[in-house]
Structures are given as C-alpha cells and as structure tokens.
Amino acid sequence: MAKSTAILSQGVGYGVVLGLGLFFTAVMIGITKLQTRYTKFKSSAKAYSVGLCGPYAYAAGATVQVLLFSMNAAKIKVNAPRAQTFLEVIRARWGNVAHIIFTCYALITSLLVSSMLVTGGAAVVTDLTGANQYAISMIISLPVAVYTLVGGLRSSLLADYIHTCALFAIILTFQFTVYATSDKIGSPSRMYDLLVQAGKDWPVEGNKDGSYLTFQSSSGMIFMVINLIGNFGTVFCDQVAPLQHTGSGRSPADPLRLVPLGMAATMGLSAVVLKYDPSYPNYPAGLSPSEVAAGLPAAAAAQVLLKEGGAATLLILLFLAVTSSAAAELCATSTIFANDIWLAYIRPHASEKEVLRVDHAAIIGWALVMGVAGCIFTAIGLSMGWLYMFMGVVIGAGVVPIALAIMWSRANRYACAGGAVFGTSSALVGWLVATATLNNGTINLETTLQDYPMLIGNLLSFCLSGLTAVIGSLIWPENYDWAETRALHAHPTATVEEVPAEMTEGEKDADDTKDKTQIVQTPLGGRSVAPSLKETGMDLELEPPVLVHEDSPEEIEKTFRFACWVASSAFVILLILIPVPLAASGYISTKVGFVFYVVVSILWVFYGATAVCIMPIWEYRHSLAEIGGNIWADITKRKRVAQ
3 MAKSTAILSQ
13 GVGYGVVLGL
23 GLFFTAVMIG
33 ITKLQTRYTK
43 FKSSAKAYSV
53 GLCGPYAYAA
63 GATVQVLLFS
73 MNAAKIKVNA
83 PRAQTFLEVI
93 RARWGNVAHI
103 IFTCYALITS
113 LLVSSMLVTG
123 GAAVVTDLTG
133 ANQYAISMII
143 SLPVAVYTLV
153 GGLRSSLLAD
163 YIHTCALFAI
173 ILTFQFTVYA
183 TSDKIGSPSR
193 MYDLLVQAGK
203 DWPVEGNKDG
213 SYLTFQSSSG
223 MIFMVINLIG
233 NFGTVFCDQV
243 APLQHTGSGR
253 SPADPLRLVP
263 LGMAATMGLS
273 AVVLKYDPSY
283 PNYPAGLSPS
293 EVAAGLPAAA
303 AAQVLLKEGG
313 AATLLILLFL
323 AVTSSAAAEL
333 CATSTIFAND
343 IWLAYIRPHA
353 SEKEVLRVDH
363 AAIIGWALVM
373 GVAGCIFTAI
383 GLSMGWLYMF
393 MGVVIGAGVV
403 PIALAIMWSR
413 ANRYACAGGA
423 VFGTSSALVG
433 WLVATATLNN
443 GTINLETTLQ
453 DYPMLIGNLL
463 SFCLSGLTAV
473 IGSLIWPENY
483 DWAETRALHA
493 HPTATVEEVP
503 AEMTEGEKDA
513 DDTKDKTQIV
523 QTPLGGRSVA
533 PSLKETGMDL
543 ELEPPVLVHE
553 DSPEEIEKTF
563 RFACWVASSA
573 FVILLILIPV
583 PLAASGYIST
593 KVGFVFYVVV
603 SILWVFYGAT
613 AVCIMPIWEY
623 RHSLAEIGGN
633 IWADITKRKR
643 VAQ
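Here the sequence shown is numbered in the working numbering, starting from 3 and rising by one per residue.
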C-alpha cells in the first residue's frame, strides 16, 4: 500500500510461505507413502470496485466454462480415451504444425496463470507483513515443487483436497464474522445500510446512481464478458483442465469455482464499507487504483475486521489457494514438456526413466520460471489484475479451435490453427489501437488496462478465431475417423475386447491394418509420466500397464447429452436471464433483495464445501477403509512380534 501498513512481522510472512510449505510437503510425502504401501493405487477487488455485479461476474463467468468442458471430457472418452494431454489429440489428428501452435497456447496460458498466482500472492504477503516482494515471489512455489516432484499429480490432488477444505473453512469464518458477529458490520441489513451510504459518499463511475447495489454497471458488465473469455481460455487451453476432467475422479478444483461469489461478496463489499473505520489502511484516502488492481481489498478488510488474527488467517488462506493452483500448473506443464516436447520431437523412443527425469526437471524449471516471471512483472508494474484482464486477449483465440479438435470430426486443421493465430494477432492490434484512440495516443500500463480496450481485445481474440475455425471447417470440412487418437497409448498386448466399444467392426479392421507409422504411440503404455515415490527410488520395479476401462457408448452419449443440457441451461440462466434484465432495468437492490443475495452467496459456499470436503470421503470410503484395515494389521502384527 502507499504507506507502511504491515500488521504482521516479516518473519510471519516468510514463516507462512516456507513453514506451511514444508509442513504440507511432509504431509503429502507421508500420505503418498501410505497409499503406496497400503493400496493398489500407486475475487474480491471487483466487488470493491463495482459492487454486487463484480462477485456475480466472477462466479458466473468461472462456472459455465467448467460445465462446457465436461462436454469435451465426454467426447475425449470416445475419441481419445487414453490421451494424457489434449495436445496429443491435436498432434495425432492434425500433425506437428498445429501441435506446435497449440502447445504454445498451453504454455502461454500456464505462464499467465502462474504469474498471476505469484504476483498476486506476493503482493498480499508483502502488504500484510512487509516481507520483500521479490523474495516471496521466488520462494512461494518452491515447497509446492518439492511435494509435486516427490508425489506427482496424485500428491497434488491430495494437497488440493486438504488445501481446499481448509480454504472453505476460512471463507465461512469470514462470512459469519462479517454477517453475524462483527461489531463493525454484523448483519446483511447493516451491510446494506453502509453500502447505500458508500454509494453517496464514493459513487461508482458507470453505475446506476453511483450505487454499489445495482447490476447496471458498465465496468461490471464489461468485466463479465472479459472474465467469461479469460476463463474459457484457462479451461480449454490450460493442460490443468484435461488432467482434472478426463480421469475417473472429480477434481476438488471444480467446486472451488464457487468460491469467488462468497469471498468477493464478503470481503470485497466489506472493504468498501470499512473505509469509514479509522483503522482502515491509509485512512481516510483508502486504497489506490494500483492497490486495488494488485488484489489488496480483501487484505484491508481482514485486518480491520479481525486485526492481527484476520491478517494471519487471510495469509494462510492465500497460501492455500496459491499453492493448490501452483501445484496443478507444475504437474500440467511438466506433462507437456515430457509428452509433447521431449517424446514428440526430441527422443521419441526415450525410456521411462528418461521421461521421468525430464518430468522432474520440468517441475523444477517451471517453479523457477514462475518465480522469475513474478519478479519481472512486479518490477515493470504488471499487477495480478492487469494480467487477469489481459489473459483473454492472448489465449481466447485458442478456445474454439481446441474444442473443435476434440469434438467435431469435420473441423479443418488449417482453419482452426490459422484461426487461432489470426485471432490472437488481430486482438493484440485491436487492443493497442483502441487504447491509443481512446487516450490521444498514450499507451501505458494504466491506459491499456481500461475497460473498453480490454473488452475489444478479448472479443476480437475469441470471436475472430471462432468464426474463422467454424466457417473454414464448413467450407472445407474434414472427415476424420479418430483412428489415430483412439490408438494413443494403446498397449501392444491389448485384446479385441479392450478396443473402444463404440468402434464398429469396420473401424476395428481398419485400425488393425492401418500403417503403424501413422499411429502416434509412446513407450509409456498408457501410464502418466507424473512421478511417484515408487518411481523415484523406493522401488523402481515397474507395474504392468493398467488398461483403460471403457464406458459403454450409451453411457458416454448419456453423459454428453446431460453435459450439453446443463451447460446450455447454466449459460442462459447465469449469463442472460439473471444479469441482463437486472442491468437493463437499472434495478437497485432493496434491503430484502440484498439479504437474499447474501444468503445465496453463503449457501453457494456451503454447497462447494459439501461437494469438496464431504462427498470425496463418501465416494472413497472403501479405499479409506482398506488403508485403515491394512494399517491396523501392520500395527497388530508388530505388537505380536514384540510379544
């Protein structure tokens, strides 16, 4: 912040980042050892800026994409059941040029997401503790790299589960503090009264009557579109999503998309009304635009509400959220380097141990890249908010082509690959031209972050790419039979019964007689290159490849239809039927309406907590019972031996 407002010591900042990181590393190693031994399975700134519309835009814009991607996941089950990355599907179908283009999109997406995590996380740690932001940027991802290196994707998902459970507990604590127990706010009714007054004292430019309680907000609606496109990019272009959605399990990250509404509706709005409090940072001036862009409203609200305890709690929440996402990015990126770069172009016949070494090196290397990128962006003044708004300008163009590559047999490789490049190039030009035109030729960090230039860049990226890919494919359609993609990672000893059930007899015969040079294979036999303790030295004896269980065509088609129905309904309801009438009518919420909004946001978080923290335990109850039984057997055996 503008002045030194650190409420905690630097030692607390370094202690949380390193101490909690090492603690979770030890926990993940321990859990991974237990699994190996005993089982067979080896948003707040927008609420501060624009009011109610901001939290809603975050939540709706982040939820719809996940539902749409579930349609892709169903199609992957049919068209590429053993694919380890979506890039492998593109290479098998369209060849090296398209594969290289979309590999660049995947890596750029991971770089942007990783950089946002580091810059945003380091900024808040520095604000709360005074720790050096460059030092925090460099060390924030190191503990994550350690347990990801040791435990691989399995360890990352376990850590994600533990982190997310704690994260929901902290968010619920903040919600009940703000809306039930705080002497500064204490109820939705009191929050409403304070927001009404805040709209008079600090009216929001572009909002109906300057109110924080309306959806008629030019910045809020623009942000909803930008958020929608940017999140499309992170879901479709980032290898994290395929890793989480194409397996048999459900990732804890899915319900985590529910968090922005609850968190922003609590901490973001609190940051607005608490500006009346003398203990507010930089009182009475409050936060500067750059501090808001850095994501600091939640930190300001936390330290006013709960003093040192609130700041420390937010610091822990921040660590959990950042490290969960960082672990997923490390796994995803290392998989790309191992599968789509090393095996694809450098050493096609590399041994499994060699691929594992590449995977390890990529995890370490990307952790360093995250830290260095965070330092660079901090030095030149690119905040988390700037990167978030800019993301869709670059990666929005990859969304439609990637979706078509997986879902549509008629998609044309040249239209899709060329459309992506054309979309991004046009978006960058349009974004800069709009910035210069609206600011008398001035192009800098402040002017490029303005609403309309960012909106134009995002729309050009997504729309021009999508139109080029679809129109080109309709004019010059391909007729792809998915033979190569179905053969990805097929084990050489697979029997006829293990061929995907949806293939016809003619397809099976064609697949058997097809020139094998056209079938993209790797020596991995269908296993993930993500490392595990067993593979890192505890026991290098490899297990027999596990053949993929194929759902029936009827089950997959049923899943696809359901996903289409849910995704379409969610899009219409969340992004059209609710916000558009509210915005068009100029409705300013009444007290009853606001209380309803708060109650929904709390229930929203409760639903997410149930889906993440309770349902996985029930779903994996048999495995947990097996682990417990085997541990007990070991303990009793040792007791008998001791006797």
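Beta carbons: idealized from backbone N, C-alpha and C, even for Gly.
Asked	Found
Under DSSP, the alpha helix (DSSP H) around D361 begins and ends at which residues?	E354 to I382
Would you call H351 buried or exposed, if buried means 16 or more other Cβ atoms sit within 10 Å of its Cβ?	exposed
Report all residues from its chain with a CB closer than 7 angstroms to the CB of K210; omit the five preceding and five following residues, and keep chain order.	T216, Q218, G588 and I590
Do K48 and A266 have their C-beta atoms within less than 9 angstroms of each other?	yes
Please name the residue in T612, W620, A304 and F573 whose C-alpha comes closest to that of T175.	A304
Give me the Cα-Cα distance between N441 and S427, rounded to the nearest whole angstrom.	22 angstroms
Run through the DSSP bridge pairs and tell me what I590 is partnered with.	T216
I need the boundaries of the alpha helix (DSSP H) containing K202, first residue and last residue.	P190 to D203
Would you say the region 393 to 406 touches the region 129 to 145, given that touching needs at least three Cβ pairs under 8 angstroms?	no
Out of curiosity, what's the CA-to-CA distance linking I578 and I224?	14 angstroms
CB H2 to CB T268, shorter than 9 angstroms?	This structure cannot settle anything about residue 2, because the visible part of the chain is limited to 3 through 645.
On the premise that R93 lies in contact with A492, defined as a C-beta separation below 8 angstroms, what is that separation, rounded to the nearest angstrom?	Contact doesn't hold; Cβ gap of about 16 angstroms is too wide.
According to DSSP, is N209 helix, strand or coil?	strand
Taking the beta carbon of E331 as the centre, do at least 16 other beta carbons fall within 10 Å, making it buried, or is it exposed?	buried
At the level of alpha carbons, what is the spacing between E509 and D483?	Any answer about E509 is weak, because its pLDDT of 47 lies below 50 and its placement is not dependable; what the coordinates show is given next. Cα-Cα distance, rounded: 8 angstroms.
Residues in its own chain within less than 8 angstroms of I343 by CB, not counting five upstream and five downstream?	T105
Sort I231, I318 and A369 by Cα distance to V401 and report the nearest one.	I231
Quick one, which of T487, F562, S467 and V120 has its alpha-carbon nearest V146's?	V120
Output needed for A182: all residues of its chain with C-beta closer than 8 angstroms, excluding positions within five of it in sequence on either side, in chain order.	G188 and S189
Assess contact between the region 429 to 445 and the region 458 to 465, defined as three or more Cβ pairs (one per stretch) separated by less than 8 angstroms. Is contact present?	yes
To the nearest angstrom, how far is it from the Cα of S292 to the Cα of A635?	59 angstroms
Ordered along the chain, which non-local residues of its own chain (more than five positions away) have a Cβ less than 6 angstroms from that of S221?	V52, G208 and D453
The alpha helix (DSSP H) spanning Y285 covers which residue range?	Element bounds for Y285: n/a, residue is neither H nor E.
Evaluate R415 with the Cβ neighbour count: other Cβ atoms within 10 Å of its Cβ, from every protein chain shown; 16 or more gives buried, anything less gives exposed.	buried
In this structure, does DSSP put W484 in helix, strand or coil?	coil
When the distance is taken between beta carbons, is G123 closer than 9 angstroms to I138?	yes
On the premise that V607 lies in contact with F170, defined as a C-beta separation below 8 angstroms, what is that separation, rounded to the nearest angstrom?	7 angstroms
Locate the alpha helix (DSSP H) running through D98, then write down its first and last residues.	It should be pointed out that residue 98 corresponds to Asn in this sequence rather than to Asp. Counting along the chain, the alpha helix (DSSP H) containing N98 begins and ends at N98 to T131.
If W478 sits next to A381, beta carbons under 8 angstroms apart, how far is it from one beta carbon to the other, in whole angstroms?	W478 to A381, Cβ: 47 angstroms. No contact.
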